[in-house]
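Chemist:
In the numbering used here, the protein residues as written are 94 to 401.
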């Protein structure tokens, strides 16, 4: 059977996707929009002026909000630097005034993709790794989540049933036994898994749930650009005979996923009245696809973590 999203499963719910400009963040916002939610899309990259992310890319939070609306939800773009506590407090004040509460908070802020470097830079020992870059990775990947939770969780516990999703790279089980790129990257991605666990402990008395969620190999805009393909023809990246001077993707790319896949994982969690059973757990998009039955936009259920 072909799977289709339920356009009303989250109708009336208010979600915040912190870091919604591109990649998984845009995927989360889009999937919540498919389910009818009102989605607040935050980030630094805005059509309203300079001062965007570290990436110097064209994507904006306004584009993400427009996509949410086209897909059936209500998309709203708020420009926020999640490293700036005052800005995040301002976001909280605005949300309280305009919506009174939030039902879903997705902490997807990252912004350190270029700082982590490419494969040639990986496995650089801490004493050789540029210290300023490493500390910036920690700030972008961890401090942003802590600042956002500090200011926005009071809105999530206004009513029972709130859902916090901490987005990371790798499940708890995988990360505990695998070195991830560098000390700094490893620390961030492992810590975010633990952050969901600890926040779940604090949210439980208020009837709220915290989950750590990881995508698999994500076909983000930056990843597609790296291989010189688009979402529509992404499998061409696996062709070793193409003659365009761009790198050929390794075989594992065949199990990559679009950003919408992990977004649909979040939407499925949010729509589950028994979602509290996932509290403090670390899960992947593929694991939740098996549980809830959703698919990626091409109808597949990729799982890059299988066997790893």
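For each residue, glycine too, the CB sits at the ideal point set by N, CA and C. Remember, predicted model here, so these are calculated numbers, not experimental data.
Whole-angstrom Cβ separation of residue 311 and residue 116, contact assumed at under 8 angstroms?
Modeler: What you label residue 311 is simply residue 218 of the chain shown in a count that begins at 1. What you label residue 116 is simply residue 23 of the chain shown in a count that begins at 1. Confirmed, Cβ separation roughly 6 angstroms.
Chemist: Contact defined as beta carbons within less than 8 angstroms: I believe residue 259 pairs with residue 289. What is the distance between those atoms, to the nearest angstrom?
Modeler: In the chain shown, the residue the question calls residue 259 occupies position 166. In the chain shown, the residue the question calls residue 289 occupies position 196. Indeed they touch by this definition, with Cβ atoms about 4 angstroms apart.
Chemist: Assign residue 173 to one of three DSSP states: helix, strand, or coil.
Modeler: Along the chain shown, read from residue 1 onward, the residue named residue 173 stands at position 80. Here residue 173 sits in coil by DSSP.
Chemist: Under a three-way DSSP split, which group does residue 113 fall into?
Modeler: Counted from its first residue, the chain shown places residue 113 at position 20. Three-state DSSP puts residue 113 in coil, outside helix and strand.
Chemist: What three-state label does DSSP hand residue 127 in the structure shown?
Modeler: Taking the first residue of the chain shown as position 1, residue 127 is located at position 34. Note: residue 127 maps to helix in three-state DSSP.
Chemist: Please report how far the alpha carbon of residue 152 lies from the alpha carbon of residue 238, in whole angstroms.
Modeler: As a working note, residue 152 is residue 59 in the chain shown. As a working note, residue 238 is residue 145 in the chain shown. Those two C-alpha atoms are separated by around 21 angstroms.
Chemist: Using the three-state DSSP reduction, which class does residue 309 fall into: helix, strand or coil?
Modeler: Translated into the one-based positions of the chain shown, residue 309 becomes position 216. It is coil, neither helix nor strand.
Chemist: Where does residue 257 fall in DSSP's three states?
Modeler: Here residue 257 corresponds to residue number 164 of the chain shown, with the count starting at 1. In this structure, residue 257 counts as strand in the three-state DSSP scheme.
Chemist: Identify, in the order they occur along the chain, each residue of the same chain with its Cβ nearer than 7 angstroms to the Cβ of residue 182, setting aside the five sequence neighbours on each side.
Modeler: Mapped onto the chain shown, residue 182 falls at position 89. Excluding residues within five positions, the ones whose Cβ falls inside 7 angstroms are 244.
Chemist: Would a C-beta distance cut-off of 8 angstroms place residue 199 and residue 359 closer than the cut-off?
Modeler: For the purposes of this step, residue 199 is taken as residue 106 along the chain shown, with counting starting at 1. For the purposes of this step, residue 359 is taken as residue 266 along the chain shown, with counting starting at 1. Yes.
Chemist: What runs of the alpha helix (DSSP H), each 4 residues or longer, lie entirely inside the region 137–169?
Modeler: 154–163, all fully within the region 137–169.
Chemist: Report the residue from 217, 261, 391 and 226 whose alpha carbon sits nearest the alpha carbon of residue 118.
Modeler: One-based indexing of the chain shown puts residue 118 at position 25. Among 217, 261, 391 and 226, the Cα nearest to that of residue 118 is on 261.
Chemist: If we ignore side chains and look at the alpha-carbon of each, how far apart do residue 121 and residue 397 end up?
Modeler: Reading the chain shown from its first residue, position 28 is the one you call residue 121. Reading the chain shown from its first residue, position 304 is the one you call residue 397. Their backbone Cα atoms lie some 19 angstroms apart in a straight line.
Chemist: Is residue 231 helix, strand or coil when you go by DSSP?
Modeler: In the chain shown, counting from the first residue as 1, residue 231 sits at position 138. Looking at residue 231 - three-state DSSP - the assignment turns out to be helix.
Chemist: Residue 350 by DSSP, collapsed to three states: which one?
Modeler: Position 257 of the chain shown, counting from 1, holds the residue named residue 350. Residue 350: strand per DSSP, three-state reduction.
Chemist: List, from N- to C-terminal side, the alpha helix (DSSP H) runs of 4 residues or more that fit wholly inside the region 290–344.
Modeler: DSSP runs (the alpha helix (DSSP H)) wholly in the region 290–344: 314–320.
Chemist: Is DSSP giving residue 240 helix, strand or coil here?
Modeler: Within the chain shown, residue 240 is the residue found at index 147, counting from 1. Here residue 240 sits in helix by DSSP.
Chemist: The beta strand (DSSP E) spanning residue 200 covers which residue range?
Modeler: For this step, residue 200 is matched to residue 107 along the chain shown. Residue 200 -> beta strand (DSSP E) spans 197–200.
Chemist: In this structure, does DSSP put residue 108 in helix, strand or coil?
Modeler: Indexing the chain shown from 1 puts residue 108 at position 15. Strand.
Chemist: Report the three-state DSSP secondary structure of residue 79 (helix, strand or coil).
Modeler: Residue 79 falls outside the range modelled here, since the chain spans only 94 to 401, and no answer is possible.
Chemist: Among the residues of its own chain, which have a CB less than 8 angstroms from the CB of residue 241, if the five just before and after it don't count?
Modeler: Here residue 241 corresponds to residue number 148 of the chain shown, with the count starting at 1. Closer than 8 angstroms at the Cβ level, and outside the excluded window around residue 241, lie 111, 175, 181, 198, 200 and 202.
Chemist: So which of 179, 294, 107 and 305 has the shortest CA-CA distance to residue 161?
Modeler: If you number the chain shown from 1, residue 161 lands on position 68. The residue with the shortest Cα to Cα distance from residue 161 is 107.
Chemist: How would you label residue 343, buried or exposed, when you count the other beta carbons within 10 angstroms and need 16 or more for buried?
Modeler: Mapped onto the chain shown, residue 343 falls at position 250. Exposed, because fewer than 16 other Cβ atoms sit within 10 Å of the Cβ of residue 343.
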